[in-house]
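Just below is one structure, and these are the notes that go with it.
2 protein chains.
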Amino acid sequence: MWVPVPTRDRILDATGQLFRRHGYTGTGLKQVVAAAHAPFGSLYHHFPGGKEQLGGEVIRASGRMYLELFEMVMDASPDPVAGIEAFFEGAAATLEETDYADACPIATVALEVASTSEALREATAEVFDSWIAAGTRRFTAAGLNEACSRQLTIEMFTGLEGAFILSRATRSTEAVLLAGARAVASAREAGAGGSDVR
Amino acid sequence: MWVPVPTRDRILDATGQLFRRHGYTGTGLKQVVAAAHAPFGSLYHHFPGGKEQLGGEVIRASGRMYLELFEMVMDASPDPVAGIEAFFEGAAATLEETDYADACPIATVALEVASTSEALREATAEVFDSWIAAGTRRFTAAGLNEACSRQLTIEMFTGLEGAFILSRATRSTEAVLLAGARAVASAREAGAGGSDVR
DNA sequence: GTCTATACTTTGATAGAC
DNA sequence: GTCTATCAAAGTATAGAC
């Protein structure tokens with residue numbers, strides 16, 4: 000049975016999509032309501048704080064969704080190393096499928112607002128911190144110590160984010176694939192439970 | 000003796016500065032001419048192609064400048080590994096000095112235009128390719144084979160770019176420092192001429 | 001080449017009827 | 001809660017005097 004999607008959620012979804020491809024300043028509110036099939040007034044009814052409030056909620060929602068994707072891929076893998084491999088391979092596949100449009104849901108916005116909106120910058124920082132915490136938990140559970148886990152996690156997401164920039168610009172998955180291989184090698188060396196006998 | 004800076008160059012410089020902090024769509028042309036102390040008409044006299052032409056030239060000029068910085072740091076270092084270390088340390092220092100504003104001169108713009116302007120996307124791709132070529136040259140000269148050199152270079156810039164995102168968002172140099180350590184370790188393992196006896 | 005004035009469009013935001 | 005009409009400001013771009 001079909002259930003209508005609430006206006007507020009449609010606006011959130013549409014904005015998230017637009018943010019990925021056009022960024023924060025590149026996305027107009029009129030564009031948002033058109034994509035969300037919502038009347039203009041509804042936007043300010045649901046988000047009285049205007050574009051900045053909407054931006055903050057979209058950043059947090061997008062960050063949460065990407066975190067869930069990460070957890071899901073890791074859960075579906077036999078061990079953390081295989082999980083990392085699958086995560087990067089999935090990222091590369093998505094890039095190709097979407098003509099290099101869908102990479103990190105908040106990276107573009109994060110760079111745009113880093114020096115222009117303290118409120119939004121904090122939202123992006125919280126998202127990245129939540130990813131780091133989740134990765135650190137994973138690797139700690141696999142036997143690594145806290146410091147090692149955190150370091151490995153940051154290297155992994157750092158490599159992924161940077162690779163997204165190069166891959167989208169050059170329209171090639173080379174960077175993402177290399178970053179994935181690098182993350183896998185680091186995880187294996189750190190002893191994050193590869194399936195190989197050691 | 001003081002020599003006046005041509006209007007065209009002042010516009011290019013000012014736009015480059017603004018692009019770093021506000022991005023492409025976030026930078027208005029009125030803002031540009033104000034910062035460059037240039038009359039509005041001069042902008043269209045020197046850049047008849049409007050904002051997109053200006054953007055393209057700024058991307059290429061900024062990319063060239065950052066490449067020169069890389070070459071300079073590498074030249075000033077005893078070996079490639081030490082050069083990488085110095086490059087990342089310099090990046091971290093600049094971040095702190097500028098309150099996390101000045102990182103990669105074209106990253107924000109690269110993500111913004113990747114799916115919105117083919118002409119500008121190509122400009123960013125050319126810049127990244129030029130960096131990769133320069134790094135590959137360095138490591139090849141240090142004794143690594145072509146494939147290894149390219150891989151190491153991409154991993155290095157990929158790590159730097161991703162670390163810039165996390166560092167600017169969280170206002171911490173942790174990610175850049177970790178990415179630097181990772182690049183140094185990779186270069187050393189690959190055999191890019193560390194000063195240590197092996 | 002420099003500079004001013006202006007045209008036209010889009011932006012974020014608000015008011016008020018329903 | 002939904003929707004339309006409208007505002008002031010900022011956006012890019014152009015014309016034309018000097």
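Chains as they are written, first to last, in numbering that gives the first Met the number 0: chain A, 0 to 197; chain B, 0 to 197. Cβ atoms here follow ideal geometry from the backbone N, Cα and C, with glycine treated the same way. From a predicted model like this one, the values you see are computed outputs, not experimental measurements.
Mind checking if D12 of chain B is an interface residue toward chain A, Cβ cutoff 8 angstroms exclusive? On the second sequence, position 13 is the one that residue 12 of chain B refers to. Cβ-Cβ to chain A under 8 angstroms: no for D12 of chain B.
Expressed to the nearest angstrom, what Euclidean distance is found between the alpha-carbon atoms of A106 of chain A and A133 of chain B? Taking the first sequence and counting its residues from 1, the one referred to as residue 106 of chain A is at position 107. Taking the second sequence and counting its residues from 1, the one referred to as residue 133 of chain B is at position 134. Taken atom to atom, the span from the alpha-carbon of A106 of chain A to that of A133 of chain B is near 26 angstroms.
With A33 of chain B and R9 of chain B assumed to form a contact (beta carbons below 8 angstroms), what rounded beta-carbon distance in angstroms separates them? Here residue 33 of chain B corresponds to residue number 34 of the second sequence, with the count starting at 1. Here residue 9 of chain B corresponds to residue number 10 of the second sequence, with the count starting at 1. About 11 angstroms; that fails the 8 angstroms criterion.
Give me the Cα-Cα distance between H21 of chain B and T115 of chain A, rounded to the nearest whole angstrom. Here residue 21 of chain B refers to the residue found at position 22 of the second sequence. Here residue 115 of chain A refers to the residue found at position 116 of the first sequence. Distance between the alpha carbons of H21 of chain B and T115 of chain A: 7 angstroms.
Going by beta carbon distance, what residues of the same chain come within less than 7 angstroms of F86 of chain A, once the five residues before and after it are set aside? Position 87 of the first sequence, counting from 1, holds the residue named residue 86 of chain A. Once the five neighbours on either side are set aside, the close Cβ partners of F86 of chain A are F69, V72.
What's the C-alpha gap between S253 of chain B and Y99 of chain B? Because chain B spans 0 through 197 in this model, residue 253 of chain B falls outside it and cannot be assessed.
Determine the DSSP secondary structure at G190 of chain B, reduced to helix, strand or coil. Mapped onto the second sequence, residue 190 of chain B falls at position 191. DSSP places G190 of chain B in the coil class of the three-state scheme, outside both helix and strand.
Under 6 angstroms Cβ to Cβ from C147 of chain A, same chain only, skipping five residues before and after it: list those, please. Within the first sequence, numbered from 1, the residue matching residue 147 of chain A stands at position 148. Non-local beta-carbon contacts of C147 of chain A in its own chain, meaning distances under 6 angstroms to residues more than five positions away in sequence, involve A189 in chain order.
According to DSSP, is V196 of chain B part of a helix, a strand, or is it coil? Within the second sequence, numbered from 1, the residue matching residue 196 of chain B stands at position 197. Low confidence applies here, because V196 of chain B scores a pLDDT of 40, under 50, leaving its location unreliable and the question unanswered by this model.
Secondary structure of H44 of chain A, DSSP reduced to three states: Taking the first residue of the first sequence as position 1, residue 44 of chain A is located at position 45. Reduced to three states, the DSSP call for H44 of chain A is helix.
8 angstroms is my cut-off, CB to CB: does R63 of chain A come that close to chain B? Locating residue 63 of chain A in the first sequence gives position 64, counting from the first residue. R63 of chain A does not count as touching chain B.
Please work out which residues of its chain come closer than 8 angstroms, Cβ to Cβ, to E145 of chain B, disregarding the five sequence neighbours upstream and downstream, and give them in chain order. Along the second sequence, one-based indexing puts residue 145 of chain B at 146. Apart from sequence neighbours up to five positions away, the residues of its chain that approach E145 of chain B with a beta-carbon distance below 8 angstroms are T135, T139, ordered along the chain.
Mapping the DSSP letters down to three states, classify C103 of chain B as helix, strand or coil. Counted from its first residue, the second sequence places residue 103 of chain B at position 104. Residue state, collapsed to three classes: coil.
In three-state terms, what does DSSP make of R136 of chain A? By 1-based counting over the first sequence, the position of residue 136 of chain A is 137. In this structure, R136 of chain A counts as helix in the three-state DSSP scheme.
For T157 of chain B, three-class secondary structure by DSSP: As a position in the second sequence, residue 157 of chain B is number 158, starting the count at 1. Looking at T157 of chain B - three-state DSSP - the assignment turns out to be helix.
Can you check which of these residues, B:L66, B:E51, B:D12, B:G15, is closest to S129 of chain B by C-alpha distance? As a working note, residue 129 of chain B is residue 130 in the second sequence. Among B:L66, B:E51, B:D12, B:G15, the Cα nearest to that of S129 of chain B belongs to B:L66.
Assigned secondary structure, V57 of chain A (DSSP; H/G/I helix, E/B strand, else coil): Numbered from 1 along the first sequence, position 58 holds the residue referred to as residue 57 of chain A. Of the three classes helix, strand and coil, the one that applies to V57 of chain A here is helix, per DSSP.
Do we get a CB-CB distance below 8 angstroms when we pair A168 of chain A with the residues of chain B? As a working note, residue 168 of chain A is residue 169 in the first sequence. A168 of chain A counts as touching chain B.
Strictly under 8 angstroms for the Cβ-Cβ distance: is E154 of chain A near chain B by that measure? Position 155 of the first sequence, counted from the first residue, corresponds to residue 154 of chain A. For E154 of chain A, at least one C-beta of chain B is nearer than 8 angstroms to its own C-beta.
When you check each C-beta in the region 83-114 of chain B against every C-beta of chain A, which residues fall closer than 7 angstroms? Listed by position along the chain: Y99, A100, A106, T107, A109, L110, E111, A113, S114.
Which of helix, strand or coil DSSP assigns to P79 of chain A: Taking the first sequence and counting its residues from 1, the one referred to as residue 79 of chain A is at position 80. In this structure, P79 of chain A counts as helix in the three-state DSSP scheme.
D12 of chain A and G192 of chain A look like a contact to me (Cβ under 8 angstroms); what is the Cβ gap, rounded to whole Å? The sequence position of residue 12 of chain A within the first sequence is 13, counting from 1. The sequence position of residue 192 of chain A within the first sequence is 193, counting from 1. 36 angstroms between Cβ atoms; not a contact.
Under 8 angstroms by beta carbon: chain B residues contacting E173 of chain A: Here residue 173 of chain A corresponds to residue number 174 of the first sequence, with the count starting at 1. Contact of E173 of chain A with chain B by beta-carbon distance below 8 angstroms involves I153.
Go ahead and label G62 of chain A buried or exposed: buried means 16 or more other beta carbons lie within 10 angstroms of its beta carbon, across all protein chains shown. Numbered from its first residue, the first sequence carries residue 62 of chain A at position 63. With 16 or more other Cβ atoms within 10 Å, it is buried.
Helix, strand or coil at L66 of chain B [DSSP, three-state]: On the second sequence, residue 66 of chain B is found 67 positions in, with the first residue counted as 1. Correct three-state label for L66 of chain B: helix.
Using beta carbons (cut-off 8 angstroms, strictly below), is Q30 of chain A in contact with chain B? Taking the first sequence and counting its residues from 1, one reaches residue 30 of chain A at position 31. Interface flag for Q30 of chain A against chain B is unset, since no Cβ pair is found closer than 8 angstroms.
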